[in-house]
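Here the sequence shown is numbered in the working numbering, starting from 30 and rising by one per residue.
The beta-carbon is built from N, C-alpha and C at its ideal position, and this holds for glycine as well.
Quick caveat: nothing in here was measured; it's all calculated off a predicted structure.
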Amino acid sequence: MVAALAAAFSAQAQTVMTINGLETSTSCTAPLVFISDVGKEGLFYPVASSSTDQANGGTTLFCNKSNSGARKMYKRMFDGAVNAKWFGLSESSLDNAPAVQAAITALRNGQELLIPEGYYKFQDTITLPSNKYVRFTARGDLDFGARDGIVVQGRYGHVLELSKLHGITWQNTPTYGYVGSAITLMNAQYAKVNVNSIDGFHNAIKVVGKDQNGSQYNKIDFELLTHNDVGVLLTTEIDGWANENTFTGGKMNGVTGLAAVPGSAQVGQFNGNKFYNFGFENVTNGVDVDKFSNNIFIAPRLMGGEGVVNGFNFGPHSWSNVIISTGLYEEAFVSQGVVGNAGIGNLLLGNVMTKSGSTSGVVSISDGHGRFLSLIRDPSYTVSQETKSRILPLSSLPAVSP
């Protein structure tokens with residue numbers, strides 16, 4: 030369509046105007062107008078409109094704007110993503126939220142909003158609506174300060190490709206107790222979020238349900254969550270759920286890597302969530318969860334030598350979770366405030382090791398008191414003296430060939 034229009038107008042003279050010049054002009058006969066405002070440049074052509082139509086200031090403009098009876102709508106000629114700069118995004122602005130929100134409002138289902146390279150400040154939260162789905166691409170740095178960053182809601186499956194989100198600068202405030210969540214999925218379904226790095230928020234990624242609704246079947250990928258109080262938070266506001274979400278991670282540092290905090294009237298468990306490749310490094314608490322059951326961890330990196338004080342803390346209402354790992358120390362489990370307590374009915378596939386590094390099991394399941402029953406190939410006196418688990422050596426069983 031754009032190519033056809035460009036060809037049709039190629040032989041006609043272009044009128045060069047600013048946005049203000051077009052909006053205040055009383056002559057609206059130009060077949061093609063080039064808008065020259067910096068950051069908002071582009072070709073516009075006249076289209077039919079009704080008396081109730083509104084120009085959005087980015088992809089549609091009015092000529093003779095103040096005269097409702099004689100004004101003429103002009104539409105931007107483009108194919109592809111909507112550039113937030115058309116709506117006023119600027120590196121010099123202290124608050125780009127109104128510009129970005131106006132651009133989101135102007136999007137149709139499936140359209141992409143592009144925030145180009147640069148560093149952009151915000152004084153308000155960006156919200157992706159629940160009544161349509163959009164692609165939100167931010168190549169630049171988004172600086173939100175002490176507030177929520179981006180809220181994703183609805184069942185239409187928004188797609189986000191994000192570079193870097195910033196809250197409070199760690200160098201200026203090297204203590205925790207921050208505010209806001211960089212990315213919040215609120216009653217969201219089928220969304221896909223890919224973010225490179227997040228720093229300086231209370232929660233880097235928050236997945237929440239409320240009002241007997243929830244967030245489910247979302248996919249969230251990240252590379253680095255650094256200097257946040259909480260890396261990933263599952264929670265509900267009074268009631269709701271946060272289930273069947275898939276996270277693919279990278280490095281995390283801060284106070285807590287993964288937290289699950291049930292709402293005051295939450296009935297069900299946080300369940301069916303998958304956590305891949307969470308690298309808990311330099312966090313005080315790796316996993317601190319309650320009302321958390323039938324979830325899966327695959328390849329978590331959690332070593333005490335990397336600054337983790339408390340590894341897996343499963344609350345009293347958590348059970349039947351699965352961990353697949355190449356190796357975890359018994360001391361990584363600190364449920365009920367007891368070192369070596371693995372929570373209720375949790376299954377570990379992979380080496381579980383004593384404090385000295387000796388393998389005490391390769392398949393382990395915790396009982397109702399948080400003690401592992403572990404399978405091991407051969408009996409070992411040293412391991413039996415060191416371990417907090419009960420051990421079942423397979424080679425000592427009847428009918429096992431030597």
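Of all the options the options, which has the alpha carbon lying nearest to the alpha carbon of residue i?
i, options, result
"Pro203", "Asn257, Gln245, Leu191 and Ser403", "Asn257"
"Ser322", "Val381, Thr277, Val392 and Ala289", "Ala289"
"Asn306", "Val163, Thr313, Ala294 and Ile327", "Ile327"
"Ala435", "Asn160, Ser210, Phe165 and Glu146", "Lying outside 30 to 431, the shown extent of the chain, residue 435 is not represented and no answer is given."
"Lys114", "Thr89, Phe91 and Glu70", "Glu70"
"Gly140", "Gly356, Phe165 and Pro158", "Rather than Gly, the amino acid found at residue 140 in this sequence is Gln. Measuring from the Cα of Gln140, the nearest candidate turns out to be Phe165."
"Pro75", "Leu90, Phe107, Leu426 and Gln83", "Leu90"
"Gln15", "Ile394, Ser385, Ala294 and Gly344", "It is not possible to answer for residue 15, since the shown part of the chain is limited to 30 through 431."
"Asp124", "Glu146, Phe173, Lys161 and Ser347", "Phe173"
"Val392", "His346, Val312, Trp348 and Gly356", "Gly356"
"Pro408", "Leu426, Asp108 and Leu51", "Leu426"
"Asn96", "Ser121, Leu51, Phe73 and Gly109", "Leu51"
"Leu72", "Phe107, Ala99 and Gly260", "Phe107"
"Thr383", "Tyr410, Val368 and Thr416", "Thr416"
"Pro158", "Gln200, Asn201 and Met215", "Met215"
Here's the rule: buried if 16 or more other CB atoms are within 10 angstroms of the residue's CB, otherwise exposed. What is residue i?
i, result
"Val412", "buried"
"Ser79", "exposed"
"Pro291", "buried"
"Ala361", "buried"
"Tyr207", "buried"
"Tyr358", "buried"
"Arg137", "exposed"
"Val181", "buried"
"Met30", "The predicted position of Met30 is uncertain, since its pLDDT is 49 and thus under 50; no value can be drawn from it."
"Asp317", "buried"
"Asn49", "exposed"
"Thr58", "exposed"
"His231", "buried"
"Pro60", "exposed"
"Pro329", "buried"
"Gly366", "exposed"
"Asp228", "buried"
"Leu404", "exposed"
"Ser364", "buried"
"Ser226", "buried"
"Ser293", "exposed"
"Gln130", "buried"
"Ala428", "exposed"
"Ser347", "buried"
"Gly98", "exposed"
"Ser121", "exposed"
"Gly369", "buried"
Is it the case that the Cβ atoms of residue i and residue j are separated by a distance below 7 Å?
i, j, result
"Lys303", "Ile325", "yes"
"Thr264", "Val237", "yes"
"Ile179", "Ile155", "yes"
"Ile234", "Ile212", "yes"
"Lys248", "Thr275", "yes"
"Met281", "Leu262", "no"
"Ala132", "Val111", "yes"
"Ala371", "Gly399", "yes"
"Val337", "Leu331", "yes"
"Gly269", "Gly301", "no"
"Gly117", "Ala128", "yes"
"Phe251", "Ala271", "no"
"Gly432", "Ile420", "Nothing about residue 432 can be reported from this structure: the residues present for the chain run from 30 to 431 only."
"Leu62", "Thr81", "The identity of residue 62 in the sequence shown is Val, whereas the question assumes Leu. No."
"Ala135", "Gly87", "yes"
"Thr435", "Asn85", "The requested residue 435 is not part of the displayed model; the chain covers only 30 to 431."
"Gly344", "Asp319", "yes"
Following a CB-centred definition, is residue i positioned closer than 6 Å to any heavy atom of the ligand ADP?
i, result
"Ser56", "Ligands in the displayed structure: none, and consequently the ligand ADP is not present."
What whole-angstrom Cβ distance do residue i and residue j have, given they're in contact under 8 Å?
i, j, result
"Arg406", "Ser424", "6 Å"
"Tyr205", "Val296", "Contact doesn't hold; Cβ gap of about 32 Å is too wide."
"Ser418", "Leu402", "7 Å"
"Thr47", "Ser65", "6 Å"
"Glu273", "Gln245", "5 Å"
"Asn314", "Asn342", "7 Å"
"Gly279", "Gly308", "6 Å"
Quick one: is residue i near chain D, going by C-beta distance under 7 Å?
i, result
"Leu191", "Chain labels in this structure do not include chain D; a single protein chain is all it has."
Worksheet item: Quick one: any contact between the region 368 to 377 and the region 343 to 355, if contact means 3 or more CB pairs under 8 Å?
Response: In this structure the region 368 to 377 lies against the region 343 to 355, because at least three pairs of beta carbons, one per stretch, are closer than 8 Å.
Discussion item. I want to know whether the region 214 to 225 touches the region 181 to 201 - three or more CB-CB distances under 8 Å.
Written reply: Touching, yes, given that three or more Cβ pairs across the two stretches are closer than 8 Å.
Worksheet item: Counting Cβ pairs, one atom from each stretch, are 3 or more of them under 8 Å apart for the region 96 to 103 and the region 140 to 151?
Response: In short, these stretches do not touch, since the Cβ pair count stays below three.
Worksheet item: With a cut-off of 8 Å, do at least 3 Cβ pairs link the region 161 to 169 to the region 189 to 201?
Response: Taking 8 Å as the limit for Cβ pairs, the verdict is that the region 189 to 201 does touch the region 161 to 169.
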